[in-house]
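Residue numbers (the UniProt record's numbering): 1 to 519.
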């Protein structure tokens, strides 16, 4: 079988024979799941970004960790096969692709684990690495009245996918990213070994995999911290004309003690005009309310800022919510008359982007390209970033949300593979573009590149989040003094550079220093 796969990789004429041999290869591997022929039109050849399309050799739909282990071990017995774990396909730059390799559809394992665990007075949930966060939410809340503490904005993402990056939303200022809210993992390493790891057991693998961009192992199970789920959320948006006042209030809120602030803090930039996608109409939470621009000062610039917050409460606390919320809002300096708020269930609030997805799908925009750019920018450089990027380069918007809000470094664990700017407070910036096919795609990609190059040239302290680089030099700059640790972890857990080739960090090459060092 190994010789056969080797011939396929090097023989284009073998393509017509693939369908006939899929079943025999599956039997030889003794897979409990299934295997399909790779095809340029299959889900394994594309992702949400819509910028890349490469053809894999096979798409594997495993039944669990044992199948994944067999696939990785098979690849290790060839000279050049690679393996990519694909969650729900929401990477932007082909990170979950494997050209001529084996793509593993993790969603086929989503039902494998779901166990509620009370341990020493705390509560956890064991879930599959292929489970979608939206399913984890609804099942945890409906069955147990508990929920994970830290989320992403969009929940149709797999647990393993977000943990391999970080997992950030408006709760991260308090609880840290999702990588700070997992206590145990089951991982299939680049050697094909199925390993359970935690802070105290196989800890180097545990922290390496968290934020490790899929380079050290494929997450097949995760144990997630839970908290009691609230019943309701008061969801509020307030507007600022000055970036200084916006950042001052946002930083004030994220640095307060628990119980003395909101439970969720985010923000975004929008255009000071009536553009339906980039401007004033994008702010009100209630579609029955309109944005009244007469409240905006005549001296305001081309862009404005919205602070988005949420306050959790139980149904029994309804009578005290107004007092608590008004007390917090009373300490902020937003533009009077530009406040929007609604009360929604906790589940509905967390699924807010999924509902927006349905609306965008209805007009066909969802299926177009998404040349998104995500960065972490230090507090010391965020004013320069605002001045040059938001107020100049992006003053007309990006055809989608431009998020910006502060996070606290102390809530992140430095032992993971995630790299951050220096300083306690830094900002996440997310340019979530929705553009039609055609020249606007190349223009958006070029503008993203211009922003990153400006950040480098201006000497900003920043890091790409969900990074994508093409050269070793760029990756070394990205990781900085953490690069040697990253290389050492690769040598320990994936010495043949089999995993996650779409990240373009390591190439499967027998002459590679990382590999030769291992042997």
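Backbone N, C-alpha and C fix where the C-beta goes; we use that ideal spot for every residue, glycine too.
Cβ of residue 148 within 9 Å of Cβ of residue 227? yes
Any contact between the stretch 71-84 and the stretch 499-508? By contact I mean 3 or more CB pairs, one from each, below 8 Å. yes
Is there contact between the stretch 461-480 and the stretch 396-409, where contact requires at least three CB pairs shorter than 8 Å? no
Can you tell me whether DSSP reads residue 52 as helix, strand or coil? coil
Rounding to the nearest angstrom, what Cα-Cα distance links residue 330 and residue 261 in this structure? 12 Å
Under 8 Å: do the stretch 237-247 and the stretch 347-360 share three or more Cβ pairs, one atom per stretch? no
At which residues does the beta strand (DSSP E) containing residue 174 begin and terminate? Here residue 174 belongs to no beta strand (DSSP E); instead the alpha helix (DSSP H) covers 172-175.
How would you label residue 48, buried or exposed, when you count the other beta carbons within 10 angstroms and need 16 or more for buried? buried
Among 460, 216, 286, which has the Cα closest to the Cα of residue 503? 216
Span of the beta strand (DSSP E) holding residue 353? That residue, residue 353, is in no beta strand (DSSP E); its alpha helix (DSSP H) goes 352-362.
Helix, strand or coil, according to DSSP, for residue 267 in the structure here? strand
Any chance the stretch 123-142 sits against the stretch 366-380, with 3 or more Cβ pairs inside 8 Å? no
Report yes if the CB atom of residue 165 is closer than 9 Å to the CB atom of residue 94, and no otherwise. no
Tell me, to the nearest whole angstrom, how far the beta carbon of residue 156 is from that of residue 132; I am working on the premise that it is less than 8 Å. 6 Å
Would you mind giving the Cβ-Cβ distance between residue 160 and residue 129, rounded to the nearest angstrom? I have them listed as a contact below 8 Å. 3 Å
Thinking C-beta only, is residue 254 closer than 9 Å to residue 408? yes
Coil, strand or helix - residue 213 by DSSP: coil
Have a look at residue 80 and residue 505 and give me their C-alpha separation to the nearest angstrom. 16 Å
Alpha-carbon to alpha-carbon, residue 249 and residue 332: 6 Å
I need the boundaries of the alpha helix (DSSP H) containing residue 67, first residue and last residue. 65-76
Cβ neighbour criterion (16 or more within 10 Å) applied to residue 106: buried
DSSP three-state call for residue 28: helix, strand or coil? helix
Kindly confirm or deny that the stretch 301-308 and the stretch 379-397 touch, where touching means at least three C-beta pairs closer than 8 Å. yes
Can you tell me whether residue 426 is buried or exposed? The criterion is at least 16 other CB atoms within 10 Å of its CB, across all chains shown. buried
State the start and end residues of the unbroken beta strand (DSSP E) segment that holds residue 162. Counting along the chain, residue 162 falls outside any beta strand (DSSP E), though it belongs to the alpha helix (DSSP H) covering 159-163.
Segments of 3+ residues assigned as beta strand (DSSP E) that fall wholly inside the stretch 406-488: 425-431, 462-464
I need the boundaries of the alpha helix (DSSP H) containing residue 318, first residue and last residue. 318-329
Between the alpha carbons of residue 441 and residue 369, how many angstroms are there, rounded? 7 Å
Please classify residue 13 as buried or exposed, where buried requires at least 16 other C-beta atoms within 10 Å of its C-beta. Its pLDDT being 47, under 50, residue 13 is placed unreliably by the model, and the measurement read from it follows with that caveat. Exposed, because fewer than 16 other Cβ atoms sit within 10 Å of the Cβ of residue 13.
Report the rounded CA-to-CA distance for residue 58 versus residue 103, giving the unit in angstroms. 6 Å
If I follow the unbroken beta strand (DSSP E) through residue 283, where does it start and stop? Segment: none, residue 283 is in no beta strand (DSSP E) and carries neither H nor E.
N-terminal and C-terminal residue of the alpha helix (DSSP H) that residue 137 is part of: 133-144
Tell me the rounded alpha-carbon separation between residue 520 and residue 397. With the chain covering 1 to 519 only, the question about residue 520 has no answer from this structure.
Hey, residue 223 and residue 124: beta-carbon distance below 9 Å or not? yes
Inspect the beta-carbon positions of residue 310 and residue 263 and report whether they are closer than 9 Å. yes
Length of the line joining the Cα atoms of residue 383 and residue 415: 29 Å
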